[in-house]
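In my numbering, the protein residues as written are 4 to 226. No residue lacks a Cβ here, since even glycine has one placed at the ideal position from N, Cα and C. Note that the coordinates shown come from a computational prediction; the quantities given were computed from them, not determined experimentally. First the structure, in the form of structure tokens, and then the observations on it.
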């Protein structure tokens, strides 16, 4: 079995699901697919409107999943009007970490913590390089892989996979087993990573995903 994880580094519900990803990795291989929620025309500069939009959404995620959100994020990053939310650079960093050391998901978790807890600007190259070093990646190897990361093609392929499995947005989890890929509704498992791991160990048929599950759309998060 393989678990496909279609994510975006700037998706709050993906951050909420991060403990499930870590729990799943103790059971079976997990492959990450970056969807590029905030790329191109969907890149956004931080503004009072953006802050007012995401804060109630993020507080709901925290309540629903137990994931921490820091004051450095709420009162720092979300008030920094020089910051830009762009999914492409952190996706490129995850691809580079995977290429260099097979540690893309580890770097993704570090990026999510840096964004939502520490209020760091994870679209900035310097920040990405520092965070890659934080998890022990070789700086020169990371920079070379980052520069050559096939980010645009990866995002296109990830969105194609999302459409193929019938996902509604980010995060989408799909279990591949015996040549078949089935959508998983992670709603019942949010905040319960050990229960999710135990369920995966049973290798039961995956339930069809509910369209009402909490998720970010392909072009942004809805409250």
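In the structure shown, residue 186 adopts extended strand secondary structure according to DSSP, grouped into three states. Distances from the alpha-carbon of residue 192 to those of 182, 163 and 16 put 16 closest. Annotation: the continuous beta strand (DSSP E) that includes residue 180 extends over 175 to 180. Nearest to residue 31 by alpha-carbon distance, out of 157, 10, 5 and 9, is 5. Annotation for residue 30: no beta strand (DSSP E) segment contains it, and DSSP assigns it neither H nor E.
Counting the other Cβ atoms within 10 Å of the Cβ of residue 113 gives 16 or more, which makes it buried.
If the five residues before and after residue 89 are omitted, its C-beta is found closer than 7 Å to the C-beta atoms of 41, 42, 46 and 126, all from its own chain and listed in chain order. Taking 7 Å as the cut-off, the beta carbon of residue 162 is found closer than this to the beta carbon of residue 38. Taking a contact as a CB-CB distance under 8 Å, the pair residue 110 and residue 97 counts as one, their CB atoms being some 6 Å apart. Residue 157 and residue 44 have their alpha carbons spaced roughly 18 Å apart. Residue range 15 to 19 is occupied by the alpha helix (DSSP H) that includes residue 18.
The shortest C-alpha to C-alpha distance from residue 78 to any of 22, 55 and 115 is the one to 55. In this structure, the CA atom of residue 136 is about 27 Å from the CA atom of residue 48.
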